[in-house]
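A.B. asks: To start, I am sharing the structure in question, which I have written as structure tokens.
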Amino acid sequence: RKRLWTMRQFAGFGSADDTNARFKYLLENAKGTKANTGLSTAFDLPTLMGCDSDDPLSSGEVGRCGVAIDTIEDMHRLYADIPID
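Under my numbering, the first residue of the sequence shown carries the number 2, and numbering increases by one thereafter.
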């Protein structure tokens, strides 16, 4: 094997804006290294289960173990100014 594995940092917490800032930090600090050549998004449990943050079933779980995404606008903010091509 001649190529290195793609290394993806698994990250996500709080809001889309919080995670976007973290992604930018990881990418900025990976410049000039072979680390963090990709990103993988950690979504919170309500997002994974298809529940909105304001659903009673989401109580106590929003943004706890990943990023909370409820709308397409959240997705746009999550990946704003991050090259995804």
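From the three backbone atoms N, C-alpha and C, an ideal C-beta is built for every residue, glycine too.
Need the endpoints of the alpha helix (DSSP H) that residue 28 sits in, please.
C.D. replies: Working through the sequence shown from its first residue, we reach residue 28 at position 27. Run containing residue 28: 17-31, per the alpha helix (DSSP H) assignment.
A.B. asks: Check the DSSP bridge columns for residue 12 and list the partner residues they point to.
C.D. replies: Indexing the sequence shown from 1 puts residue 12 at position 11. Note: residue 12 sits in a beta bridge opposite 42.
A.B. asks: Going along the chain, which residues of its own chain have a beta-carbon closer than 6 Å to the beta-carbon of residue 59, five neighbours each way excluded?
C.D. replies: Counting from one through the sequence shown, the residue named residue 59 turns up at place 58. Taken in chain order, the residues that qualify are 47, 52.
A.B. asks: Using only the alpha-carbon positions, how far apart do residue 70 and residue 17 sit?
C.D. replies: The count along the sequence shown starts at 1 and reaches residue 70 at position 69. The count along the sequence shown starts at 1 and reaches residue 17 at position 16. Each residue's Cα considered, the two are about 7 Å apart.
A.B. asks: Rounded to the nearest angstrom, what separates residue 45 and residue 33 at their Cα positions?
C.D. replies: Translated into positions along the sequence shown, residue 45 becomes position 44. Translated into positions along the sequence shown, residue 33 becomes position 32. Approximately 31 Å, taken between the alpha carbons.
A.B. asks: Is the separation between the beta-carbon of residue 14 and that of residue 67 shorter than 8 Å?
C.D. replies: Within the sequence shown, numbered from 1, the residue matching residue 14 stands at position 13. Within the sequence shown, numbered from 1, the residue matching residue 67 stands at position 66. Cβ distance < 8 Å, so residue 14 and residue 67 count as in contact.
A.B. asks: Can you tell me the Cα-Cα spacing of residue 11 and residue 43, whole angstroms?
C.D. replies: Taking the first residue of the sequence shown as position 1, residue 11 is located at position 10. Taking the first residue of the sequence shown as position 1, residue 43 is located at position 42. Approximately 6 Å between the Cα atoms of the pair.
A.B. asks: When you compare the CB positions of residue 83 and residue 3, do they come within less than 8 Å of one another, or not?
C.D. replies: Locating residue 83 in the sequence shown gives position 82, counting from the first residue. Locating residue 3 in the sequence shown gives position 2, counting from the first residue. No.
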